[in-house]
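Numbering (full-length UniProt numbering), first residue to last: 1 to 134.
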């Protein structure tokens, strides 16, 4: 499985955060992860997806604070849920994961926005993340 496919699974899990809370979130995430584990070729990849999701989930408040500061006029509660999930993943990669270069995190976020977001999503995601990259 490619890094892009792994990132896509993590994005989908982060998207669940906008619709479920508490035990219901855990149940939905586990259900999705069970499906992923069946589709993912190796246990290591499945474990990586699970681990990365939980690490990002723990940092949501910090990530949202950074996004609020970078996106003038667009607080996280007004953003598209798709764009928000994409940017949370990207900001985590940019600021908290030393293994992923900033440019790669931004590029991958823009690609996710093209695939899953609206017409304006790629430009919006790129603009916000570019501010955070400085």
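Note that beta-carbon positions come from the ideal geometry of N, C-alpha and C, so glycine has one too.
- Scanning the UniProt domain "NusB/RsmB/TIM44" (5-133) for uninterrupted alpha helix (DSSP H) segments of 4 residues or longer gives 22-39, 43-58, 60-70, 81-96, 102-116 and 121-133, listed from N- to C-terminal end.
- By the Cβ-count criterion, residue 54 is exposed, with fewer than 16 other Cβ atoms from all chains shown falling within 10 Å of its own Cβ.
- With a cutoff of 8 Å on beta-carbon distance, residue 91 and residue 66 are scored as near each other.
- Here the alpha carbons of residue 45 and residue 122 stand approximately 27 Å from one another.
- Under the 8 Å Cβ criterion, the segment 63-77 does not count as touching the segment 5-13, having fewer than three qualifying pairs.
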